[in-house]
Amino acid sequence: MATDILIAEDEPSILEALSFVLLRAGWTIESVTDGEAVMGAVRRERPRVLVLDIMLPKRSGFEVLKQIRSDPATSKLRVLVLTAKGQQQDRRVAEELGADSFVTKPYANADVVSAVRALLDEPAALAKP
Amino acid sequence: MTLTVDLVIATAVAYVGLLFLVAYLGDRYSGSTEGGLLRSPFVYTLSISVYCTSWTFYGAVGSAARNGLEFVTIYLGPTIVFVGWWFILRRLVRISHDQRITSIADLLSSRFGKSSRLGVLVTLLAVIAIAPYIALQLKAVTSSIEAVAGSSEFGRGALEGWDEVGLALGVAAAMAIFTILFGTRNVDAKEQHHGVVAAIALEAIVKLTALVAVGVFVLYAAGGLDALFTRAADAGLRIHATETFGDRWVASMVLAAAAIICLPRQFQVTVVENSDESHLRTASWAFPAYMLAMSLFIVPIALHGLTTMKPGSNPDMFTLTLPLAAGQDGLALFAFIGGFSSATSMIILESIALSIMVSNHIVVPIMLRLSSDDRGSDGLGVRRLILNARRLSIVLILLLGFGYFYLTRASDALAPIGLISFTGVAQFLPAILAALFWRDASTRAAIAAISVGFLIWLWSSFLPSFASSSPVVAGIMAQGPFGIEWLRPQALFGLERLEPLAHAVFWSLLLNTTVLIVGSLVSTQSALEHIQAALFLNVFRPVAGDPSPLRGSATVDDLFLVARRVLGHERAMRLFAEEAKAAGMASTSLEPTPAFIHRLERELAGSIGTASAHVMLSKVVSGDAVSLEEVMQMADETQQVIEHSQALERTSAQLRATAEKLEFANRQLREVDLQKDEFLSQVSHEVRTPMTAIRAFSEILLNEGDLDGESGRKFVATIHKESLRLTSLLDEILDLSALERGERVWESRPIDAEASLDQALRVCDALARQNGTQIRPHPRVAAATVLADPDRLGQVFINLISNAIKHNSAASPVVTVRSRISGERYVVEVADNGAGVPEQERSRIFDKFYRGSLGEATSKAGAGLGLPISREIVTRLNGSLEFVPGTSEGACFRVTLAVHKPAAEAV
Amino acid sequence: MTRRKIIAASLFFTVFGALALMPPLVLLARFDGRVLGVPVETVYVFALWLVMVAGARWFSRTLPDDRPPPQRQRDMQP
Numbered sequence: 001m002a003t004d005i006l007i008a009e010d011e012p013s014i015l016e017a018l019s020f021v022l023l024r025a026g027w028t029i030e031s032v033t034d035g036e037a038v039m040g041a042v043r044r045e046r047p048r049v050l051v052l053d054i055m056l057p058k059r060s061g062f063e064v065l066k067q068i069r070s071d072p073a074t075s076k077l078r079v080l081v082l083t084a085k086g087q088q089q090d091r092r093v094a095e096e097l098g099a100d101s102f103v104t105k106p107y108a109n110a111d112v113v114s115a116v117r118a119l120l121d122e123p124a125a126l127a128k129p
Numbered sequence: 001m002t003l004t005v006d007l008v009i010a011t012a013v014a015y016v017g018l019l020f021l022v023a024y025l026g027d028r029y030s031g032s033t034e035g036g037l038l039r040s041p042f043v044y045t046l047s048i049s050v051y052c053t054s055w056t057f058y059g060a061v062g063s064a065a066r067n068g069l070e071f072v073t074i075y076l077g078p079t080i081v082f083v084g085w086w087f088i089l090r091r092l093v094r095i096s097h098d099q100r101i102t103s104i105a106d107l108l109s110s111r112f113g114k115s116s117r118l119g120v121l122v123t124l125l126a127v128i129a130i131a132p133y134i135a136l137q138l139k140a141v142t143s144s145i146e147a148v149a150g151s152s153e154f155g156r157g158a159l160e161g162w163d164e165v166g167l168a169l170g171v172a173a174a175m176a177i178f179t180i181l182f183g184t185r186n187v188d189a190k191e192q193h194h195g196v197v198a199a200i201a202l203e204a205i206v207k208l209t210a211l212v213a214v215g216v217f218v219l220y221a222a223g224g225l226d227a228l229f230t231r232a233a234d235a236g237l238r239i240h241a242t243e244t245f246g247d248r249w250v251a252s253m254v255l256a257a258a259a260i261i262c263l264p265r266q267f268q269v270t271v272v273e274n275s276d277e278s279h280l281r282t283a284s285w286a287f288p289a290y291m292l293a294m295s296l297f298i299v300p301i302a303l304h305g306l307t308t309m310k311p312g313s314n315p316d317m318f319t320l321t322l323p324l325a326a327g328q329d330g331l332a333l334f335a336f337i338g339g340f341s342s343a344t345s346m347i348i349l350e351s352i353a354l355s356i357m358v359s360n361h362i363v364v365p366i367m368l369r370l371s372s373d374d375r376g377s378d379g380l381g382v383r384r385l386i387l388n389a390r391r392l393s394i395v396l397i398l399l400l401g402f403g404y405f406y407l408t409r410a411s412d413a414l415a416p417i418g419l420i421s422f423t424g425v426a427q428f429l430p431a432i433l434a435a436l437f438w439r440d441a442s443t444r445a446a447i448a449a450i451s452v453g454f455l456i457w458l459w460s461s462f463l464p465s466f467a468s469s470s471p472v473v474a475g476i477m478a479q480g481p482f483g484i485e486w487l488r489p490q491a492l493f494g495l496e497r498l499e500p501l502a503h504a505v506f507w508s509l510l511l512n513t514t515v516l517i518v519g520s521l522v523s524t525q526s527a528l529e530h531i532q533a534a535l536f537l538n539v540f541r542p543v544a545g546d547p548s549p550l551r552g553s554a555t556v557d558d559l560f561l562v563a564r565r566v567l568g569h570e571r572a573m574r575l576f577a578e579e580a581k582a583a584g585m586a587s588t589s590l591e592p593t594p595a596f597i598h599r600l601e602r603e604l605a606g607s608i609g610t611a612s613a614h615v616m617l618s619k620v621v622s623g624d625a626v627s628l629e630e631v632m633q634m635a636d637e638t639q640q641v642i643e644h645s646q647a648l649e650r651t652s653a654q655l656r657a658t659a660e661k662l663e664f665a666n667r668q669l670r671e672v673d674l675q676k677d678e679f680l681s682q683v684s685h686e687v688r689t690p691m692t693a694i695r696a697f698s699e700i701l702l703n704e705g706d707l708d709g710e711s712g713r714k715f716v717a718t719i720h721k722e723s724l725r726l727t728s729l730l731d732e733i734l735d736l737s738a739l740e741r742g743e744r745v746w747e748s749r750p751i752d753a754e755a756s757l758d759q760a761l762r763v764c765d766a767l768a769r770q771n772g773t774q775i776r777p778h779p780r781v782a783a784a785t786v787l788a789d790p791d792r793l794g795q796v797f798i799n800l801i802s803n804a805i806k807h808n809s810a811a812s813p814v815v816t817v818r819s820r821i822s823g824e825r826y827v828v829e830v831a832d833n834g835a836g837v838p839e840q841e842r843s844r845i846f847d848k849f850y851r852g853s854l855g856e857a858t859s860k861a862g863a864g865l866g867l868p869i870s871r872e873i874v875t876r877l878n879g880s881l882e883f884v885p886g887t888s889e890g891a892c893f894r895v896t897l898a899v900h901k902p903a904a905e906a907v
Numbered sequence: 001m002t003r004r005k006i007i008a009a010s011l012f013f014t015v016f017g018a019l020a021l022m023p024p025l026v027l028l029a030r031f032d033g034r035v036l037g038v039p040v041e042t043v044y045v046f047a048l049w050l051v052m053v054a055g056a057r058w059f060s061r062t063l064p065d066d067r068p069p070p071q072r073q074r075d076m077q078p
């Protein structure tokens with residue numbers, strides 16, 4: 001079974017909360033905790049959406065995003081970027097690199113869910129269990 | 001034609017009228033093309049021939065009759081000076097043009113710091129020294145008229161009842177009127193004398209032609225040169241056998257050379273009236289040639305007179321009496337006019353030159369002193385005053401000449417009188433030569449030198465000329481004053497061997513020069529002297545701009561008022577209009593630049609002399625108080641250039657340094673800015689991360705009603721943990737900022753640092769075991785007493801050790817903790833075997849929130865405030881915390897603290 | 001001749017002219033003799049004088065021209 005969402009987030013607490021919320025929304029998820037692991041997981045799991053933190057260890061979210069977009073196999077992947085720094089600068093860089101959507105920390109869980117849903121092209125009503 | 005006194009006087013008057021006409025026309029056409037001839041080098045040369053006065057015309061013949069060839073020295077001296085024009089005269093002319101010099105007194109005053117005192121001194125002495133010379137002219141004219149009267153069978157005519165003295169007085173009065181009418185129509189010495197020069201040139205032609213005519217007549221009458229000299233020899237006239245080439249020869253040659261430079265009228269015609277330097281080039285040979293022509297017939301005339309005239313007749317009048325005796329009345333009249341001509345030209349020019357000196361150096365300064373502030377007064381006042389002063393001084397000068405004539409009328413020879421004047425004015429020569437060639441000659445020395453020379457002249461040359469009319473003087477000359485023999489005027493200090501003229505010349509010039517040299521060596525120059533000396537010496541060096549000692553601010557109106565008072569409205573207007581035109585602006589908005597003030601000063605100097613112009617402008621140019629350093633800087637041209645380039649160099653070096661500093665500061669600022677941005681985003685990140693978790697879990701707890709108890713408890717625990725993390729982050733930030741501001745105080749006391757280290761190791765033990773890190777706590781010292789707060793020191797150690805554990809990425813991580821005491825210092829090192837700190841990050845590891853590229857890779861990294869806090873603490877313990885570079889692997893941090901000495905505390 | 005040499009020549013011409021007119025050199029012409037009836041010493045002095053005039057004339061044309069730019073002339077003319 002294909003994974004719906006891959007989460008790349010290094011903070012355990014945040015990862016736990018995200019996983020919980022997205023699982024509850026009815027999607028299947030996988031997670032990685034550093035930048036280097038993202039590409040492998042993307043190729044392996046073929047997720048429909050990637051939730052990507054910018055402040056990742058070993059390889060930053062920007063680098064990961066750039067790699068994804070430059071690889072034909074993954075270039076169509078929908079990417080939701082989590083920006084902890086939240087500054088305009090980060091957001092603009094991510095946009096340049098081809099991020100599809102943004103959520104700024106600290107976020108409301110509902111925002112993340114609706115952003116992911118929009119990327120999955122699922123009407124909110126249908127998604128509701 | 002019969003020659004009567006009346007005819008002679010009528011001819012003289014007619015001649016004067018002719019001169020007037022020439023002068024008038026000369027003035028009128030001097031500016032136009034027809035006036036071109038007036039400015040030719042030959043007119044210039046002829047005007048210099050004013051040197052040949054009636055002393056030449058009559059006296060030289062007398063001198064040749066008495067002393068043989070000696071008279072030529074009077075012309076050979078100037079010949080040498082003119083042949084060597086390149087070395088002295090050219091310099092004088094150039095300087096005088098550049099500085100607008102109006103007279104010999106002005107020249108000396110200008111060179112010696114624009115000294116008014118020197119100007120006054122030179123003027124007074126010149127007036128006194130010239131008096132005998134004027135007297136000589138009066139005597140010559142009077143004698144020539146007497147000679148005509150004495151030979152005339154028609155008696156004294158209009159002169160009936162006039163004795164010699166009355167005649168001389170009449171001549172003097174006529175001359176005064178004549179000179180006033182001629183020479184004092186305008187103020188500026190530079191502009192007014194074209195007419196006079198033209199008249200003088202005409203007179204030069206007249207006197208030469210007259211003398212040559214008499215000479216040719218004599219040769220004709222005597223039957224040729226050979227016959228003339230043979231007859232003289234036969235008559236026992238051994239005029240060539242006298243000791244011609246002795247000390248007197250040398251002395252009078254030196255005197256004549258000095259006189260051609262120092263005589264006020266010679267300075268006037270040669271230097272002041274010179275309109276083109278190249279004229280001097282022509283005069284350098286033409287003037288000697290003129291003098292040669294004048295001298296050619298002197299000896300024949302003298303010899304012919306001695307052989308043919310009856311014994312006892314005055315040899316001074318041979319030029320006139322020989323034609324008279326031969327019945328050549330026409331030639332005699334011509335000769336009379338020649339002699340009259342030489343006398344009048346001398347008197348006119350000499351008194352004009354002297355009157356300029358008197359008005360510029362005595363009257364104007366006194367006037368300036370009396371009227372401290374009369375700038376608002378009538379603009380014509382000064383000019384009228386100057387003109388009146390000149391007129392008055394002309395009368396005074398002629399009166400003095402007449403006075404001298406009156407007192408010495410018993411003496412008959414003309415030539416010695418002239419030499420007395422020469423000796424007097426020669427006293428200016430050392431100062432003039434110093435002005436031209438010696439930079440260090442000082443004003444005080446010049447004043448002293450001229451005074452000393454002049455006193456000796458008064459005593460040994462001037463005083464003895466009264467011997468024939470005053471028994472007292474004769475007594476002094478024989479026995480010395482009060483019987484003091486070594487003060488006898490003609491045997492000073494017992495020097496009896498020298499002939500009187502040579503004696504006076506020797507002593508006066510020797511002491512004069514000595515005082516000048518020694519005085520200059522022992523005195524110091526003022527700033528202004530320094531400047532003027534440099535200007536005089538560097539006259540042939542091209543200068544970029546004249547440094548004007550007068551600097552500061554003045555309004556154009558003030559300057560114009562001053563200019564109008566001196567130059568007259570028209571000339572002042574023209575000057576200002578020219579300047580405005582040159583500056584390219586309306587004359588109303590003219591800026592009084594230093595250059596303009598300087599030019600104005602020179603223009604004024606052309607009218608009223610350097611010193612007076614300086615004083616006058618100083619009054620309106622405020623801020624004239626130029627600092628001494630500034631003036632000195634301007635003074636020496638070379639010095640100035642050197643300093644200028646040095647200053648430039650300094651300035652550019654300073655600029656470079658400043659630019660570098662600015663660039664550095666800018667870089668730093670940019671860095672600080674970046675760091676601040678980074679700090680803020682770090683704080684934001686550090687705060688946001690726990691906040692995100694807290695918010696996310698609390699939303700889950702709020703929204704998800706069907707949570708199992710286990711999950712709920714776990715989420716609450718996470719929220720609690722994250723809130724604690726948030727709290728400790730805030731604590732650290734506050735702690736650090738308090739430390740940085742120096743607010744946090746704690747009590748330092750002697751403690752055992754090793755105990756703190758042990759405590760830290762215990763705290764970190766759990767973390768080490770969790771990370772599988774081995775801690776090697778050796779080598780260690782047993783104990784080390786330092787002055788510190790145990791908790792704070794422990795905090796530092798814990799931070800270092802935990803960092804070493806957390807940032808160690810080695811496969812089998814090891815952390816080594818060492819301590820030692822080296823000298824008076826206690827050293828703790830915490831090292832790991834991890835990847836170490838990359839070179840480019842080492843300078844930043846103590847920055848706030850800086851965790852390094854590797855630090856970011858570990859989720860266990862703290863907020864990045866541990867090291868900054870630790871360093872702050874150690875610094876406050878008067879120790880140091882540093883990263884130790886050079887270790888082969890891993891990172892090593894070193895804490896150094898001073899070992900506490902109980903003894904030191906007791907002190 | 002270079003400019004400096006001409007100036008030096010002019011200086012020496014002047015100096016030697018002066019020396020030749022003073023004792024002891026002038027005493028060399030002091031002997032009994034006549035030229036065209038004129039005593040030798042008189043002839044000597046006047047001849048030397050003539051030589052100096054001629055020399056000065058030569059130098060006046062040879063010495064370098066170093067007049068300043070005729071800027072001051074303007075000031076003097078009305």
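Chains as they are written, first to last, in my numbering: chain A, 1 to 129; chain B, 1 to 907; chain C, 1 to 78.
Glycine included, C-beta positions come from ideal geometry on N, C-alpha and C.
Have a look at the options and flag the residue whose alpha-carbon is nearest the alpha-carbon of residue i.
i: D163 (chain B); options: B:Y406, B:S442, B:A105, B:T244; result: B:Y406
i: D752 (chain B); options: B:K714, B:D791, B:S728; result: B:D791
i: L908 (chain B); options: B:R384, B:G401, B:L757; result: With chain B running from 1 to 907 in the structure shown, residue 908 (chain B) is simply not present.
i: A199 (chain B); options: B:R28, B:L537, B:V763; result: B:R28
i: N274 (chain B); options: B:V615, B:Y44, B:S870, B:L25; result: B:Y44
i: T610 (chain B); options: B:L118, B:V81, B:V148, B:S284; result: B:L118
i: M616 (chain B); options: B:L702, B:L370, B:G519, B:W459; result: B:L370
i: L396 (chain B); options: B:I356, B:A755, B:S421; result: B:I356
Taking just the CA atoms, how far does residue j sit from residue i?
i: A259 (chain B); j: P78 (chain B); result: 8 Å
i: Q99 (chain B); j: R602 (chain B); result: 6 Å
i: L303 (chain B); j: V363 (chain B); result: 49 Å
i: P132 (chain B); j: V358 (chain B); result: 18 Å
i: A434 (chain B); j: A441 (chain B); result: 6 Å
What is the C-beta distance between residue i and residue j, in whole angstroms, given that I count them as a contact (C-beta under 8 Å)?
i: V93 (chain B); j: L280 (chain B); result: 6 Å
i: V786 (chain B); j: E829 (chain B); result: That belief does not hold up - the Cβ atoms of V786 (chain B) and E829 (chain B) are roughly 16 Å apart, past 8 Å.
i: L136 (chain B); j: G215 (chain B); result: Not quite, the Cβ-Cβ distance comes to about 22 Å (not below 8 Å), so this is no contact.
Put residue i into one of helix, strand or coil per three-state DSSP.
i: M634 (chain B); result: Residue confidence is low: M634 (chain B) scores 44 on pLDDT, short of 50, so the model does not pin down where it sits. Its coordinate-derived value is still stated next. Looking at M634 (chain B) - three-state DSSP - the assignment turns out to be helix.
i: E829 (chain B); result: strand
i: P416 (chain B); result: helix
Secondary structure, beta strand (DSSP E): runs of 3+ residues fully inside the segment 798–826 of chain B
814–822
Considering only residues of the segment 554–602 of chain B, which uninterrupted alpha helix (DSSP H) runs meet the minimum length of 4 residues and lie entirely inside it, listed in chain order?
Within the segment 554–602 of chain B, the complete alpha helix (DSSP H) segments at least 4 residues long are 556–567, 569–583, listed from N- to C-terminus.
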